[in-house]
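Undergrad: Chains A and B supply the protein sequences, listed in that same order.
Following my numbering from start to finish, the first sequence increments by one per residue and tops out at 487.
Following my numbering from start to finish, the second sequence increments by one per residue and tops out at 465.
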Amino acid sequence: MADTNYDVIIIGSGPGGYVAAIRASQLGLKTAIVEREHLGGICLNWGCIPTKALLRSAEIYHYMQHAKDYGLSADNVSFDPAAVVKRSRGVSGQLNGGVGFLMKKNKVDVIWGEAKITKAGEVTVSKVAKKAMEPQHPVPKGVKGEGIYKAKHVIVATGARPRVIPGMEPDGKDIWTYFEAMVPPAMPKSLIVMGSGAIGIEFASFYKTMGADVTVIEIMPTIMPVEDPEISGLAKKQMEKQGLKFLTDAKVSKVVKGSGKVTATVETKDGKTQEISAEKMISAVGVVGNIENIGLEALGVKTDRGCVVIDGYGRTNVPGIYAIGDVAGPPMLAHKAEHEGVICVEKIAGKDVHAMDKSMIPGCTYCNPQVASVGLTEPKAKEAGYKVKVGRFPFMGNGKAIALGEPEGLIKTIFDEKTGQLLGAHMVGAEVTELIQGFVVAMNLETTEEDLMHTVFPHPTLSEMMKESVLDAYGRVLNI
Amino acid sequence: MPINITMPALSPTMEEGNLAKWLVKEGDQVSAGDVIAEIETDKATMEVEAVDEGTVGKILIPAGTAGVKVNALIAVLLEDGEDASAIGSAGSAPAPAAAPAEAKPAPASEAPAPAAPAAAPAPATPKTADGGRVFSSPLARRLAQQNGLDLKAISGTGPHGRVVKRDIEAALSAGTGKAAPAASAAPAAAAAAPAMATGPSTDQVLKLFEEGSYELVPHDGMRKTIARRLVESKQTIPHFYVSVDCELDALLALRGQINGSAPKDKDGNPLYKVSVNDMTIKALALALRDVPNANVSWTDDAMVKHKHADVGVAVSIPGGLITPIIRSAELKPLSVISNEMKDYGKRAKDRKLKPEEYQGGTTAVSNMGMMGVKDFAAVVNPPHATILAVGAGEKRAVVKNDELAIATVMTVTLSTDHRCVDGALGAELLAAFKGYIETPMGMLV
Numbered sequence: 008m009a010d011t012n013y014d015v016i017i018i019g020s021g022p023g024g025y026v027a028a029i030r031a032s033q034l035g036l037k038t039a040i041v042e043r044e045h046l047g048g049i050c051l052n053w054g055c056i057p058t059k060a061l062l063r064s065a066e067i068y069h070y071m072q073h074a075k076d077y078g079l080s081a082d083n084v085s086f087d088p089a090a091v092v093k094r095s096r097g098v099s100g101q102l103n104g105g106v107g108f109l110m111k112k113n114k115v116d117v118i119w120g121e122a123k124i125t126k127a128g129e130v131t132v133s134k135v136a137k138k139a140m141e142p143q144h145p146v147p148k149g150v151k152g153e154g155i156y157k158a159k160h161v162i163v164a165t166g167a168r169p170r171v172i173p174g175m176e177p178d179g180k181d182i183w184t185y186f187e188a189m190v191p192p193a194m195p196k197s198l199i200v201m202g203s204g205a206i207g208i209e210f211a212s213f214y215k216t217m218g219a220d221v222t223v224i225e226i227m228p229t230i231m232p233v234e235d236p237e238i239s240g241l242a243k244k245q246m247e248k249q250g251l252k253f254l255t256d257a258k259v260s261k262v263v264k265g266s267g268k269v270t271a272t273v274e275t276k277d278g279k280t281q282e283i284s285a286e287k288m289i290s291a292v293g294v295v296g297n298i299e300n301i302g303l304e305a306l307g308v309k310t311d312r313g314c315v316v317i318d319g320y321g322r323t324n325v326p327g328i329y330a331i332g333d334v335a336g337p338p339m340l341a342h343k344a345e346h347e348g349v350i351c352v353e354k355i356a357g358k359d360v361h362a363m364d365k366s367m368i369p370g371c372t373y374c375n376p377q378v379a380s381v382g383l384t385e386p387k388a389k390e391a392g393y394k395v396k397v398g399r400f401p402f403m404g405n406g407k408a409i410a411l412g413e414p415e416g417l418i419k420t421i422f423d424e425k426t427g428q429l430l431g432a433h434m435v436g437a438e439v440t441e442l443i444q445g446f447v448v449a450m451n452l453e454t455t456e457e458d459l460m461h462t463v464f465p466h467p468t469l470s471e472m473m474k475e476s477v478l479d480a481y482g483r484v485l486n487i
Numbered sequence: 021m022p023i024n025i026t027m028p029a030l031s032p033t034m035e036e037g038n039l040a041k042w043l044v045k046e047g048d049q050v051s052a053g054d055v056i057a058e059i060e061t062d063k064a065t066m067e068v069e070a071v072d073e074g075t076v077g078k079i080l081i082p083a084g085t086a087g088v089k090v091n092a093l094i095a096v097l098l099e100d101g102e103d104a105s106a107i108g109s110a111g112s113a114p115a116p117a118a119a120p121a122e123a124k125p126a127p128a129s130e131a132p133a134p135a136a137p138a139a140a141p142a143p144a145t146p147k148t149a150d151g152g153r154v155f156s157s158p159l160a161r162r163l164a165q166q167n168g169l170d171l172k173a174i175s176g177t178g179p180h181g182r183v184v185k186r187d188i189e190a191a192l193s194a195g196t197g198k199a200a201p202a203a204s205a206a207p208a209a210a211a212a213a214p215a216m217a218t219g220p221s222t223d224q225v226l227k228l229f230e231e232g233s234y235e236l237v238p239h240d241g242m243r244k245t246i247a248r249r250l251v252e253s254k255q256t257i258p259h260f261y262v263s264v265d266c267e268l269d270a271l272l273a274l275r276g277q278i279n280g281s282a283p284k285d286k287d288g289n290p291l292y293k294v295s296v297n298d299m300t301i302k303a304l305a306l307a308l309r310d311v312p313n314a315n316v317s318w319t320d321d322a323m324v325k326h327k328h329a330d331v332g333v334a335v336s337i338p339g340g341l342i343t344p345i346i347r348s349a350e351l352k353p354l355s356v357i358s359n360e361m362k363d364y365g366k367r368a369k370d371r372k373l374k375p376e377e378y379q380g381g382t383t384a385v386s387n388m389g390m391m392g393v394k395d396f397a398a399v400v401n402p403p404h405a406t407i408l409a410v411g412a413g414e415k416r417a418v419v420k421n422d423e424l425a426i427a428t429v430m431t432v433t434l435s436t437d438h439r440c441v442d443g444a445l446g447a448e449l450l451a452a453f454k455g456y457i458e459t460p461m462g463m464l465v
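1) Does Leu-291 of chain B come within less than 8 Å of chain A when only Cβ atoms are used?
2) Taking only beta-carbon positions, decide if Ala-92 of chain B is within less than 8 Å of chain A.
3) Please state if the CB of Asp-235 of chain A and the CB of Ser-99 of chain A are separated by a distance shorter than 8 Å.
4) Under 8 Å by Cβ, that's how I've got Glu-14 of chain B and Glu-58 of chain B pegged, so tell me the actual separation to the nearest angstrom.
5) Could you check which residue in A:Val-163, A:Asp-82, A:Val-294, A:Pro-376 has the C-alpha nearest to that of Met-434 of chain A?
6) Taking the alpha carbon of Ile-18 of chain A as the point to measure from, which residue in A:Gly-97, A:Gln-101, A:Thr-125, A:Val-92 has its own alpha carbon closest?
7) At 4 residues or longer, and completely inside the region 372-451 of chain B: list those alpha helix (DSSP H) runs for me, N to C.
8) Which residues in the same chain as Tyr-214 of chain A place their Cβ atom closer than 6 Å to its Cβ, once the five residues preceding and following it in sequence are excluded?
9) Taking DSSP as the reference, what is the three-state secondary structure of Phe-260 of chain B?
10) By the 9 Å beta-carbon criterion, what residues does the region 227-238 of chain B contribute toward chain A?
11) List the residues of chain A whose Cβ lies closer than 7 Å to the Cβ of Ala-83 of chain B, in chain order.
12) Can a CB atom of chain A be found closer than 8 Å to the CB of Val-184 of chain B?
13) Less than 6 Å between C-beta atoms, sequence neighbours within five positions excluded: which residues of the same chain meet that for His-342 of chain A?
14) Quick check for students: name the residue ranges of the beta strand (DSSP E) that lie wholly in the region 296-380 of chain B, counting only runs of 3 or more.
15) Is the distance from the Cβ of Gly-319 of chain A to the Cβ of Ile-298 of chain A below 8 Å?
16) With a threshold of 8 Å, are at least 3 pairs of Cβ atoms found where one atom belongs to the region 315-322 of chain B and the other to the region 352-361 of chain B?
17) Does the structure place the region 419-430 of chain A close enough to the region 444-459 of chain A that three or more beta carbon pairs sit under 8 Å?
18) Is the beta carbon of Asn-401 of chain B closer than 8 Å to that of Gly-332 of chain B?
19) In whole angstroms, give me the CA-to-CA distance for Met-288 of chain A and Met-175 of chain A.
20) Find out if the Cβ-Cβ distance for the pair Leu-449 of chain B, Ala-334 of chain B is shorter than 8 Å.
21) Quick one: which chain B residues come within Cβ less than 9 Å of Thr-454 of chain A?
22) From the beta carbon of Thr-222 of chain B, is the nearest beta carbon of chain E less than 8 Å away?
23) Based on the DSSP secondary-structure assignment, which residues constitute the bridge partners of Gln-49 of chain B?
24) Please work out which residues of its chain come closer than 7 Å, Cβ to Cβ, to Val-447 of chain A, disregarding the five sequence neighbours upstream and downstream, and give them in chain order.
25) Are the beta-carbon atoms belonging to Val-432 of chain B and Gly-413 of chain B less than 8 Å from one another?
26) Tell me the start and end of each unbroken beta strand (DSSP E) in the region 154-188 of chain B that is at least 3 residues and wholly inside, in chain order.
27) Could you check where the alpha helix (DSSP H) with Phe-108 of chain A kicks off and where it finishes?
28) Provide the residue(s) that pair with Leu-93 of chain B in DSSP beta bridges, ordered along the chain.
29) Beta carbon of Cys-440 of chain B, beta carbon of Val-316 of chain B: below 8 Å?
30) Contact between the region 201-215 of chain A and the region 325-337 of chain A: three or more CB pairs below 8 Å?
31) Could you have a look at His-342 of chain A and say whether DSSP puts it in helix, strand or coil?
32) Taking Cβ positions only, does Gly-35 of chain A come closer than 8 Å to chain B?
33) So, with DSSP's three-state summary, where would you put Met-66 of chain B?
34) Does the beta carbon of Asp-479 of chain A come closer than 8 Å to any beta carbon on chain B?
35) With a threshold of 7 Å (Cβ to nearest heavy atom), would Gly-74 of chain B be considered close to the ligand GDP?
36) Can you round the beta-carbon distance between Met-231 of chain A and Thr-255 of chain A to whole angstroms, since I take them to be within the 8 Å contact cut?
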């Protein structure tokens, strides 16, 4: 009889779960992780990672189409959708295998099946009931199977799934979620994307670059509604230049499928109604937590609008039961899940750890142009009562950006006038998803404008724009 | 309209507290005055009462949440006829951070904005007394400079004890960490924080023990407060100790008479039962009245001479101790002191004392006699200048008229803050105290 007693059992091996498992193991806790479908969760298999692979193909395709701009020639540029998807699955498969390796290396037991917390401290794992999304990566070797497992601490890290709007249920054929959009059998000629959050806009950008006629419908007044409106406005303008169509303040009131096309009835705020038809539609109207069928109701674990309610350390209202990541509420981001997992496990291990601070979680969207941000937007900062100093620096003033042939974009910084605290940073343009972390570190270390101005940024880089933006906030901008 | 229930401030300086427990759940009916939740501050647990009647529509901050900001939305009450859908945006804030009432972390106050901060010289990196660097964030340094705080006097809670923004905000709200002079005369609980010499870090301590050979019990608010205040006291107050033996026989006899003649209520229970400790409190209060120069608090600017003897009494409770205060004890009859103490003792154990009941005071008594301790020296609890440590009353051989005799004797040790109560003054106070103990009739008149 194998040992079935653990210090910690984690349900779900997404970025939150598997990182929590590694940290738990590092802290000397006997740890197991339960997974029913794919190590690495949505992020690695159907989310962050495979979309980045798709977008990379689109990006290179885009460059090849514009080879002339760089003095190069590339004739008859084309692509093979199957090969593009295959590469994306390959990237995902490699990382999926990597998580399996990490579990083994860290002596974390992997239990394969559906988990249910049958009572406090007890997790019953049964046969997988859910049909796996195809193509599924192979189930790792040496996993434990069905049975009853015990643990003092159970961490729910079951993630989230696409939100479904009644009457517009994705059918996987005409109306897609990110699952189907990730593995298109062929590139659609036209596409409606409902929702302009990170998922919607990234697919819109991908399919547009690959040649589809794409219309994005957003219910809020601006696309990417969580972003600073000035930034999302610039992103929208650039994408419109590429031929993407946007309907904002617009609500899809009806969807009709038939004869190889989807027709959406769209009501705009001005009261007008229009019909838009396309070959496919992607529903990207957010995600909801996977809180069902894991025993939470019976144990009285408190949930709120589809998510488990936790404190700053991942603790639910029921002792011994924790939740992290998407299932524990927004922002539903892999890096937030990872950090929550680490905090949760360190607290369990009795470490002196600070509670989760959600005010400094960066967000990145990999559309073309990229968008990245951290902290308060300008309107939110003002709403919070700050008197702000705002700095802006356009890509046009940066040598590296010009050399790259990427002169469109903006870096915006927001400071508290009174203290010089960096309240937020917002960017749109090439490679900004790799730049934002500089400001995230700055915010976490509580730097003021002064320290940023005293920091030497390397030349020639896009990062110089970060400093210039800071200088601009204080009237000292140099290169514009 | 749904009614918002917000985190109450239990004291004027309270900035945040822990939501310890909900006594109602969503859907429960409550009437005004019903206790709906318990809030825990560093030393006390307080009950939150409903102000209106209605149905608990939504609990936004789960029980056990630490660091809930004052005025943060914690729950929403629905009035008659409203259902949960009426909560609307009011109830859309599960995380304390999103509560509207505290959405102004640093309201751009009326203070003039610093002129061209970029041109202002950077605050010099502060050094500790022994020349070591005080690690602090740039923002913390600027906030300290803007608010006239001394970083050396602020203990950091950031990584490796780094002083960060929240530490400055905590110091500002507690009124601690002031740079130069400024310690206010008010006997607030929070006296000027000292320059802390840092002890060994958690890691340094744990390294000395084999892993698995111990268990880590995280500190609660009370433990942290005790640690902070006692380190503060021992680091800033030059302690001086004076001991004296007091004969108790007369006092015990008087106590017997007092209790024997106590009037009874309708159930036949005596209305008071005076203890030796109650009489000790009274004696110390009267001694301070007689020696007013010892009834003082130290501030850097002036001697705070108190007009009444407010005697704090250390009460040991599970997980720590707390010092409720008998105000103007020199004016109160023993029966009143006795009944106040009984009430304090009971509520202290439940951590239900209100901040105004344990903050301040002009002196304190710590009695370990009941535990058989012969004598000990207590740590002065600022803003007090004195504390009396009381040992057990025991029969001892004493010399009277050159002959051995038996007497019940109690040893007491007075710890004084030598900055304001010198040795001779302490001795004078102790002599007055001894007088009341040994001639206890004086306490009754």
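Beta carbons are placed, not taken as given, at the ideal position from N, Cα and C, and that holds for glycine.
The structure displayed is predicted, hence computed values, not measured ones.
TA: In brief:
1) Numbered from 1 along the second sequence, position 271 holds the residue referred to as residue 291 of chain B. Look at Leu-291 of chain B: its C-beta is not under 8 Å from any C-beta on chain A.
2) Taking the first residue of the second sequence as 1, we reach residue 92 of chain B at position 72. Closer than 8 Å: no.
3) Your numbering for residue 99 of chain A matches position 92 in the first sequence. Your numbering for residue 235 of chain A matches position 228 in the first sequence. No.
4) This structure does not reach residue 14 of chain B, given that chain B is present from 21 up to 465, and the question cannot be answered.
5) Position 427 of the first sequence, counting from 1, holds the residue named residue 434 of chain A. The option with the nearest alpha carbon to Met-434 of chain A is A:Pro-376.
6) Translated into positions along the first sequence, residue 18 of chain A becomes position 11. Closest by alpha carbon: A:Thr-125.
7) Fully enclosed alpha helix (DSSP H) runs of 4 or longer: 375-378.
8) Here residue 214 of chain A refers to the residue found at position 207 of the first sequence. Excluding positions up to five away in sequence, the list reads Leu-198, Val-221.
9) As a first step, residue 260 of chain B must be located in the second sequence, where it is residue number 240. When DSSP states are grouped into helix, strand and coil, Phe-260 of chain B belongs to the strand group.
10) Residues passing the 9 Å Cβ filter: Glu-231, Gly-232, Glu-235, Leu-236, Val-237, Pro-238.
11) Position 63 of the second sequence holds residue 83 of chain B. Here the neighbours are Asn-324.
12) Against the second sequence, residue 184 of chain B aligns to sequence position 164. Judged by the 8 Å Cβ criterion, Val-184 of chain B is in contact with chain A.
13) On the first sequence, position 335 is the one that residue 342 of chain A refers to. Excluding positions up to five away in sequence, the list is empty.
14) 316-318, 323-325, 331-333, 335-337, 340-342, all fully within the region 296-380 of chain B.
15) Within the first sequence, the letter at position 312 stands for residue 319 of chain A. Within the first sequence, the letter at position 291 stands for residue 298 of chain A. Going by C-beta atoms, Gly-319 of chain A is not nearer than 8 Å to Ile-298 of chain A.
16) No, they do not touch.
17) Flag = yes, the region 444-459 of chain A and the region 419-430 of chain A touch.
18) Taking the first residue of the second sequence as position 1, residue 332 of chain B is located at position 312. Taking the first residue of the second sequence as position 1, residue 401 of chain B is located at position 381. Result yes, Cβ atoms of Gly-332 of chain B and Asn-401 of chain B sit closer than 8 Å.
19) On the first sequence, residue 288 of chain A is found 281 positions in, with the first residue counted as 1. On the first sequence, residue 175 of chain A is found 168 positions in, with the first residue counted as 1. For Met-288 of chain A and Met-175 of chain A, the distance between alpha carbons rounds to 10 Å.
20) Position 429 of the second sequence holds residue 449 of chain B. Position 314 of the second sequence holds residue 334 of chain B. Not a contact, by the Cβ cut-off of 8 Å.
21) Along the first sequence, one-based indexing puts residue 454 of chain A at 447. The contacting residues are Ser-157, Pro-158, Leu-159.
22) Judged by its chain identifiers, the structure shown contains no chain E, and its protein chains are A and B.
23) As a working mapping, residue 49 of chain B is identified with position 29 in the second sequence. Beta bridge pairing from DSSP links Gln-49 of chain B with B:Thr-75.
24) The sequence position of residue 447 of chain A within the first sequence is 440, counting from 1. Apart from sequence neighbours up to five positions away, the residues of its chain that approach Val-447 of chain A with a beta-carbon distance below 7 Å are Met-367, Pro-369, Val-381, ordered along the chain.
25) The sequence position of residue 432 of chain B within the second sequence is 412, counting from 1. The sequence position of residue 413 of chain B within the second sequence is 393, counting from 1. Against a cut-off of 8 Å, the Cβ pair of Gly-413 of chain B and Val-432 of chain B comes out as no contact.
26) Taking only runs of at least 3 residues, no beta strand (DSSP E) segment lies wholly in the region 154-188 of chain B.
27) As a first step, residue 108 of chain A must be located in the first sequence, where it is residue number 101. First-last of the alpha helix (DSSP H) with Phe-108 of chain A: 88-112.
28) Counted from its first residue, the second sequence places residue 93 of chain B at position 73. Its beta-bridge partners are B:Thr-26.
29) In the second sequence, residue 440 of chain B corresponds to position 420, counting from 1. In the second sequence, residue 316 of chain B corresponds to position 296, counting from 1. Result yes, Cβ atoms of Cys-440 of chain B and Val-316 of chain B sit closer than 8 Å.
30) As far as the Cβ criterion goes, the region 201-215 of chain A does not touch the region 325-337 of chain A, which means the pair count is below three.
31) Stepping through the first sequence from its first residue, residue 342 of chain A is reached at position 335. Residue state for His-342 of chain A is assigned as helix, using DSSP reduced to three classes.
32) In the first sequence, counting from the first residue as 1, residue 35 of chain A sits at position 28. It does: the Cβ of Gly-35 of chain A has a partner Cβ on chain B nearer than 8 Å.
33) Numbered from its first residue, the second sequence carries residue 66 of chain B at position 46. Here Met-66 of chain B sits in strand by DSSP.
34) For the purposes of this step, residue 479 of chain A is identified with residue 472 of the first sequence, where counting begins at 1. Answer no: the Cβ-Cβ gap between Asp-479 of chain A and chain B never drops below 8 Å.
35) For the ligand GDP, the structure offers nothing, since it holds no ligand at all.
36) For the purposes of this step, residue 231 of chain A is taken as the residue at position 224 of the first sequence. For the purposes of this step, residue 255 of chain A is taken as the residue at position 248 of the first sequence. About 11 Å separates the Cβ atoms of Met-231 of chain A and Thr-255 of chain A, ruling out a contact at the 8 Å cut-off.
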